[in-house]
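Following this note's numbering, the residues of the sequence shown are numbered contiguously, the last one being 233.
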Amino acid sequence: MNLTGFLPSLNSDQITKLESLADVFLEWNQKMNLSAIRDRDAVLLKHIVDSLLILPHGWIKDGDRVMDLGTGGGFPGLPLAIAYPKADFILVDATEKKVRAVQSMADQLGLKNVRCVAGRAEQLGRVDKYRETFDVVVARALAEFPTLLEYCLPFVKVGGKFIAYQGPELSQTWKQYQNVALELSGDITEVKGAILPVEKAKRCFVVVKKLRKIFGKYPRRTGVPKKEPLG
């Protein structure tokens, strides 16, 4: 599969790195089962191209501090770091062995703008160096949307944004979560659809702007946002 036609805004060096990412990921996936996807073309499409469907919207800028929360096998964080070499990325996952693997992938690819951190959202969201310090937070396939809001908004600085990678149903139901976003000091400002090439699978991006500092009681203790989502 040739990525150039799917990602016309990227240069040849970036395309080469993305293709190398697929190879490095597949090597690690054999060692520790990071994903059920084991075919190279499927990795290129379902992980890498899918991660970069946000590119046309320009939501990430040079100089931004970006967190990928629940990065898993490194998506969308690693492809985004390749696409935005002048932004700084912190990739977070609760599973330490995944974090070590993703950091090794970043090092193999020479990505100097990537640092990986192990920890749970509910705990890191109360650490001063992470709390409300990020221009952009992204999350892909991590949790249900109201839980995601509580996981992610504590990391977003005032004026920054949280970008949720969601299924197409959120394009119809997002309004029911606006009060939850407001309780967490956010405002749902954009909902954009996208279609994954070849497979024609639908994707929805929900953008939540941080309006003000979040209440000190959020995030709630570990496990509560998932068991008892707001709203």
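Ideal placement from N, C-alpha and C gives every residue a C-beta, glycine not left out.
This one's a predicted model, so the numbers in the text were calculated from it and none came from an experiment.
| Check | Outcome |
| --- | --- |
| Please determine, among 96, 146, 51, the residue with the shortest C-alpha to C-alpha distance to residue 125. | 96 |
| Report the rounded CA-to-CA distance for residue 207 versus residue 32, giving the unit in angstroms. | 31 angstroms |
| What distance in whole Å lies between the Cβ atoms of residue 159 and residue 191, which are believed to be in contact at a cut-off of 8 angstroms? | In fact, because the Cβ distance is near 16 angstroms, the residues do not count as touching under 8 angstroms. |
| Quick check: what's the CA-CA separation for residue 130 versus residue 7? | 42 angstroms |
| Relative to the alpha-carbon of residue 116, which residue among 128, 103, 122 has its alpha-carbon at the smallest distance? | 103 |
| Check each candidate in 65, 74, 12, 15 and name the one with the smallest Cα separation from residue 38. | 74 |
| Between the stretch 146 to 161 and the stretch 176 to 187, do at least 3 Cβ pairs fall closer than 8 angstroms? | yes |
| For residue 71, which of 155, 224, 84 has the nearest alpha-carbon? | 155 |
| In three-state terms, what does DSSP make of residue 191? | strand |
| Is residue 1 helix, strand or coil when you go by DSSP? | In the structure displayed, the chain extends from 3 to 233; residue 1 sits before or after that span and is not available. |
| Residue ranges of each alpha helix (DSSP H) run of no fewer than 4 residues wholly in the stretch 103 to 183, ordered along the chain? | 123 to 126, 147 to 154, 172 to 175 |
| Got a sec? Which residues, its chain only, sit under 7 angstroms from residue 111 by beta carbon, not counting five neighbours each side? | 19, 22, 23, 26 |
| Quick check on this structure: which residue in 228, 170, 176 has the alpha carbon closest to the alpha carbon of residue 202? | 170 |
| In whole angstroms, what separates the C-alpha of residue 139 from that of residue 99? | 22 angstroms |
| Rank 48, 133, 34 by C-alpha distance to the C-alpha of residue 219 and give the top, closest one. | 133 |
| Start and end of the alpha helix (DSSP H) containing residue 15? | 14 to 34 |
| Work out the CA separation of residue 30 and residue 40 for me, nearest whole Å. | 11 angstroms |
| Using alpha carbons as the reference points, say which of 165, 161, 88 lies closest to residue 205. | 165 |
| Measure the CB-CB distance between residue 221 and residue 153 and report whether it falls below 8 angstroms. | yes |
| Below 6 angstroms CB to CB, which residues in the same chain sit around residue 299 once its five sequence neighbours on both sides are set aside? | Lying outside 3 to 233, the shown extent of the chain, residue 299 is not represented and no answer is given. |
| With distances taken Cα to Cα, identify the nearest neighbour of residue 49 among 36, 121, 172, 232. | 36 |
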